[in-house]
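The structure appears below as C-alpha cells.
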Amino acid sequence: MNEDNFESNVFINCPFDKDFLPLLKALLFTVIRCKLNPRIALERFDSGETRFDKIKELIESSKFSIHDLSRIKSSQKEEYYRLNMPFEIGLELGCRLYHQEEKYRNKKSLILEKERYSYQKALSDISNSDIKCHNGDVEELVEEVRNWFYEIGVNGVKGISGSFLWDEYNVFMADFYEKRSSEGYKDRDFEKMPIPEYIDFIRDWLSKK
Amino acid sequence: MAKKRVHIIKRLNGWAVKKEGNLRASRLFDVKKEAEQSASEMREKGYDIIIHGKDGSIQKWKKAYV
Numbered sequence: 001m002n003e004d005n006f007e008s009n010v011f012i013n014c015p016f017d018k019d020f021l022p023l024l025k026a027l028l029f030t031v032i033r034c035k036l037n038p039r040i041a042l043e044r045f046d047s048g049e050t051r052f053d054k055i056k057e058l059i060e061s062s063k064f065s066i067h068d069l070s071r072i073k074s075s076q077k078e079e080y081y082r083l084n085m086p087f088e089i090g091l092e093l094g095c096r097l098y099h100q101e102e103k104y105r106n107k108k109s110l111i112l113e114k115e116r117y118s119y120q121k122a123l124s125d126i127s128n129s130d131i132k133c134h135n136g137d138v139e140e141l142v143e144e145v146r147n148w149f150y151e152i153g154v155n156g157v158k159g160i161s162g163s164f165l166w167d168e169y170n171v172f173m174a175d176f177y178e179k180r181s182s183e184g185y186k187d188r189d190f191e192k193m194p195i196p197e198y199i200d201f202i203r204d205w206l207s208k209k
Numbered sequence: 001m002a003k004k005r006v007h008i009i010k011r012l013n014g015w016a017v018k019k020e021g022n023l024r025a026s027r028l029f030d031v032k033k034e035a036e037q038s039a040s041e042m043r044e045k046g047y048d049i050i051i052h053g054k055d056g057s058i059q060k061w062k063k064a065y066v
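Taken in sequence, the protein lines are chains B and Z.
For the first sequence, the working numbering begins at 1 and goes up steadily by one.
For the second sequence, the working numbering begins at 1 and goes up steadily by one.
Following this line, the structure appears as C-alpha cells:
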C-alpha cells in the first residue's frame, strides 16, 4: 500500500456524510474491482496526524484521483456548503503543476458532480475541464467511473462493462449482508462500519471469486 | 457454482429480474413491484429472492420455500 503503489493508488476526495455513503461504498467497490487501490482519509485514524498532512500524503502517493463535488451547493437554508472537496482539488492540481518529477505531471483526475454544470457556478476556475455527472445515482456513478478508467487506459477494467460491474456490485452487497448478518452484525453495525473493514471485505470477496 | 438466488436490480430505465450467475436479466419491468411479483414464483423452485434498493443495498430478502 502507500507510496510503493503509486501507479495503482486512487485518491478519493468525496463527502463522508451519511447520504453520500451508498455512493462511496459503490465507488470503493468499483476502484478495487478494477484492480486499483483506493486511498481515502478514512483509511486510517490517528489523532496524532493532522488532516492536512494526511491529505498531502494521500495525494502525493496516488497517480489517480477522483473528486466529487456533490456538496458544492447547500441543500437547505443556513447550511454551509462544503469547501474541503474543492480545496483538495486545488491541492491535487497544485501537486501536478508544481512538482518537478514526471510522475506527478502524469497524474490523472476525474471530477464528478451531482447536477450537470453546477460546478461552473461555484468553481469557475475549472470551467474548461471535462467533468462527469452522476445525478446522485449509484448506478450512474459506477458507470461513469468505470468509463473513465477505460478512457485513461486502466488495464483492470478491460472486459468488464458498466452494467456487469453494477450487477456484480449488487451480488457483492447480498454476500456482504448475508455473511456479516450470520456473524451477528445488526443494521447499526453496517451503518457504523469503519471504511477499512469494508475495504477488507471487498478484497476478501474478490479474492475468492 | 452460482447460488440459487434471484436479484431484483435497478436499471437506468426500470427494474431487472436476474438469476445469479446469468449474464443477462430474465426480464425487465418499468415498475419494481411487477419485477418482485414476477420473481416470486421462483421461491417454489428453491431460489431466494433478493430485492435491492436503488443504491444496491438489501431492501428485502425472501427465502426459498424449499
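Using N, Cα and C, we set each Cβ at its ideal position, and we do this for glycine too.
Fair warning: this is a prediction, and the values are worked out from it, not measured in the lab.
Problem - Residue burial classification, V31 of chain Z (beta-carbon count within 10 angstroms, cutoff 16) - result: Exposed: under 16 other Cβ atoms inside 10 Å.
Problem - Spatially closest choice to Q120 of chain B from B:I152, B:Y98, B:S70 and B:L141, by CA coordinates - result: Comparing Cα-Cα distances from Q120 of chain B to each of B:I152, B:Y98, B:S70 and B:L141, the minimum goes to B:S70.
Exercise for the section: My understanding is that V138 of chain B touches L23 of chain B, with C-beta atoms under 8 Å, so please give their C-beta distance in whole angstroms. Expected result: Yes, V138 of chain B and L23 of chain B are in contact; Cβ-Cβ is about 6 Å, under 8 Å.
Exercise for the section: For chain B, find out if any of its Cβ atoms is closer than 9 Å to the Cβ of R11 of chain Z; answer yes or no. Expected result: Output row for R11 of chain Z: interface = yes.
Problem - Opening and closing residue of the beta strand (DSSP E) in which K32 of chain B lies - result: It is Ile, not Lys, that sits at residue 32 of chain B in the sequence shown. No beta strand (DSSP E) contains I32 of chain B, which is instead part of the alpha helix (DSSP H) from L21 to R33.
Practice task
Taking only the alpha-carbon atoms, compute the straight-line gap between N84 of chain B and F29 of chain Z and give it to the nearest angstrom.
Solution key: For N84 of chain B and F29 of chain Z, the distance between alpha carbons rounds to 40 Å.
Problem - Euclidean distance between Cα positions of A35 of chain Z and V17 of chain Z - result: Cα-Cα distance, rounded: 6 Å.
Problem - Y177 of chain B beta carbon less than 9 Å from that of K25 of chain B - result: Not a contact, by the Cβ cut-off of 9 Å.
Problem - Host alpha helix (DSSP H) of A39 of chain Z (start-end) - result: Its alpha helix (DSSP H) spans residues K32 to S40.
Problem - C-alpha distance - D4 of chain B paired with K63 of chain Z, whole-angstrom precision - result: Taking C-alpha positions only, D4 of chain B is separated from K63 of chain Z by approximately 46 Å.
Handout entry: Short Cβ contact (9 Å threshold) for L206 of chain B with I32 of chain B
Key = Closer than 9 Å, so yes.
Exercise for the section: Would you kindly check if the distance between the Cβ of K10 of chain Z and the Cβ of G56 of chain Z is under 9 Å? Expected result: Yes.
Practice task
Enumerate in chain order the residues of its own chain whose CB-to-CB distance from K111 of chain Z is below 6 Å, with the five nearest sequence positions on each side excluded.
Solution key: In the structure as shown, chain Z starts at 1 and stops at 66, and residue 111 of chain Z therefore has no counterpart that could be examined.
Problem - Buried versus exposed call for G162 of chain B [16 or more other C-beta atoms within 10 Å across all chains shown] - result: Looking at its Cβ environment, which holds 16 or more other Cβ atoms inside 10 Å, G162 of chain B is buried.
Problem - C-beta atoms of F29 of chain B and V142 of chain B nearer than 9 Å - result: F29 of chain B is a Cβ neighbour of V142 of chain B, given a cutoff of 9 Å.
Handout entry: Residue-chain proximity (E34 of chain Z, chain B), Cβ-Cβ < 9 Å
Key = It does not: the Cβ of E34 of chain Z has no partner Cβ on chain B nearer than 9 Å.
Handout entry: C-beta contact flag for A39 of chain Z and I58 of chain Z at 9 Å
Key = No, these two residues do not count as a Cβ contact at 9 Å.
Problem - the region 97–114 of chain B contacting the region 62–77 of chain B, beta-carbon criterion three pairs below 8 Å - result: Three or more Cβ pairs drawn from the region 97–114 of chain B and the region 62–77 of chain B lie within less than 8 Å of each other, which places the two stretches in contact.
Exercise for the section: Mind checking which residues open and close the beta strand (DSSP E) that includes P38 of chain B? Expected result: Element bounds for P38 of chain B: N37 to I40.
Practice task
Report yes or no: is there a C-beta of chain B within less than 9 Å of the C-beta of E20 of chain Z?
Solution key: Contacts with chain B at 9 Å (Cβ-Cβ) include E20 of chain Z.
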